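Numbering (the working numbering), first residue to last: 5 to 375.
For every residue, glycine included, the Cβ atom is placed at its ideal position computed from N, Cα and C.
All values reported here derive from a predicted model rather than from experimental measurement.
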Amino acid sequence: AGGQEGLYLKQMIWIVISLTVFFVIVILPLRMHEALSYVYYFLLIVLLVALMFYGRQGGGSQRWFDLGFFHFQPSELGKVAVLFVLARYLSYSTKSSQHFRRLFFSALLVFIPTALVLQQPDLGTSLVYLTMMLAVLFFSGLPTVYLLLILAPAFSMITSFHPLSYVVLFALLIVILIILRPRAVMASAIVVINLVFGIITPFLWNRLAEYQQLRIKVFLNLEDDRLGAGYQIIQSKIAIGSGGLFGKGFLAGTQTNLNYLPVRHTDFVFSVMGEEFGFVGAVLIIILLGAIIFLGLRTAMRVRNKFASYVCIGAITILFFQTAVNIGMTLGLMPVTGLPLHFVSYGGSSMILSWLLLGLLVNAELNWQDY
5 AGGQEGLYLK
15 QMIWIVISLT
25 VFFVIVILPL
35 RMHEALSYVY
45 YFLLIVLLVA
55 LMFYGRQGGG
65 SQRWFDLGFF
75 HFQPSELGKV
85 AVLFVLARYL
95 SYSTKSSQHF
105 RRLFFSALLV
115 FIPTALVLQQ
125 PDLGTSLVYL
135 TMMLAVLFFS
145 GLPTVYLLLI
155 LAPAFSMITS
165 FHPLSYVVLF
175 ALLIVILIIL
185 RPRAVMASAI
195 VVINLVFGII
205 TPFLWNRLAE
215 YQQLRIKVFL
225 NLEDDRLGAG
235 YQIIQSKIAI
245 GSGGLFGKGF
255 LAGTQTNLNY
265 LPVRHTDFVF
275 SVMGEEFGFV
285 GAVLIIILLG
295 AIIFLGLRTA
305 MRVRNKFASY
315 VCIGAITILF
325 FQTAVNIGMT
335 LGLMPVTGLP
345 LHFVSYGGSS
355 MILSWLLLGL
365 LVNAELNWQD
375 Y
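Right under this line is the structure:
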């Protein structure tokens, strides 16, 4: 009980700090962040490199600085730093004749921190960086064929373990290229890149940490390791299902109180909400997060400044992607990635990021005519 009370106290402190950050972000002009975007980015790279030498080891990864009174995870707040620098670059690079150049430098800006985060290893955060980049690039008007250049290799990697699926995907890719009719150089590049990714995927698989491979295998077949890596997901589904329509009541969940569900206060907090507050409580959480995302999209569509618009798109992409992955993970629909649920999961870095993103959206909404 003392341990639980300690977690509640720490989380309340983080909420107070996060609310302070929220109000500061709402007050500060977005133009200031635009001017300092490359400074934020440089500091992020320095922190991620320093983490390789001075980071705290835990759970098979090295993601945090141990500052004594709390553990700081640079890659969490780094999502905003990467978003700022990407929005800054794209807002100053709008010529239609520079599509490939925009794609190349945008990818370069994002891939550098992504590579540093991957070596920690932190696959979940790396996917957030890449998904955010794709969303902002699409919103900035990058042609579909360029997005295909980025997305297709990912599907080639996924299907490369099944030869027939890979052949079908490759045939579909050829059909899409015939329909889109890109320039010969672009079409050739897409074909070659997908061939290369299909060939090297087995080698990349062997580079993944053992626990990451196991998570993916368990996602594909939970029954392979019911008492090992599959245990969390199985217990999570039991907890959510046992909540029924209205739940068992606050702090009355048996799966969580009897410690059947590990890391219930971080990655699997949605399972706790489902057990204690039932289907109604779980849906309410989804509706509230969905409302933030919808209103953020509306702001992104009408704000006059391109930098602010791209920041809004990036912010709601982070919120949507992590929400979808976290909830999907607890339901066994996605692999366990370690991505927290915004505004709900325990953790200082995650809570600050959640309110920081909301602050950016509120700032843009309040000043949409001024930018």
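Looking at residue i: is its Cβ nearer than 7 Å to the Cβ of residue j?
i	j	result
P344	S354	yes
T389	G10	No statement about residue 389 is possible, as the shown extent of the chain runs from 5 to 375 and does not include it.
L365	C316	yes
R211	Q124	no
V196	G318	no
A213	T303	no
L361	T327	no
P117	V149	no
I297	F272	no
V121	S169	no
F201	P157	yes
F142	L151	yes
L177	A191	no
How many angstroms separate the CA atom of residue i from the CA atom of residue j?
i	j	result
L226	S160	Its pLDDT being 49, under 50, L226 is placed unreliably by the model, and nothing is read from it.
T270	G62	15 Å
S65	V53	14 Å
I183	V171	19 Å
L1	L112	Residue 1 lies beyond the residue range present for the chain, which begins at 5 and ends at 375; the question has no answer from this structure.
F46	G253	47 Å
G351	M137	25 Å
F274	T334	7 Å
G300	Q217	35 Å
Y314	A193	28 Å
F88	F108	17 Å
F104	Y12	49 Å
F26	G363	5 Å
R306	Y235	46 Å
L370	I242	43 Å
I289	S240	17 Å
I31	L51	27 Å
Let me check understanding here. Comparing Cα to Cα, which of the options lies closest to residue i?
i	options	result
G251	F274, F281, I242 and T270	F281
G247	M277, L362, R35 and S97	M277
W359	I19, L13 and K14	I19
V287	F324, S313, F325 and I331	I331
Y96	F325, D374 and F311	F311
L376	P147, S164, F57 and A175	The structure shown does not extend to residue 376, since the chain is modelled only from 5 to 375, so the question has no answer here.
L357	F174, F69, A175 and I320	I320
L199	Q15, S41, R185 and F174	F174
L429	I238, L361, G285 and G352	The requested residue 429 does not occur in the structure, where the chain is confined to residues 5 to 375.
R106	L94, I116 and V114	L94
W372	I17, G294 and N309	N309
T205	M36, K14 and P167	P167
F76	M16, G59 and I49	G59
R145	F57, I162, A91 and V43	A small correction: the amino acid at residue 145 is Gly; Arg does not occupy that position in the sequence shown. Of the candidates F57, I162, A91 and V43, the one whose C-alpha sits nearest the C-alpha of G145 is A91.
Inside the stretch 309-343 only - alpha helix (DSSP H) runs reaching at least 4 residues:
310-334
Hey, is the stretch 82-97 in contact with the stretch 130-145, meaning 3+ C-beta pairs nearer than 8 Å?
yes
Runs of alpha helix (DSSP H) lying entirely within the stretch 130-218, each at least 4 residues, in chain order:
148-163, 167-184 and 188-211
Where are the alpha helix (DSSP H) runs, 4 residues long or more, that stay fully inside the stretch 26-74, in chain order?
34-58
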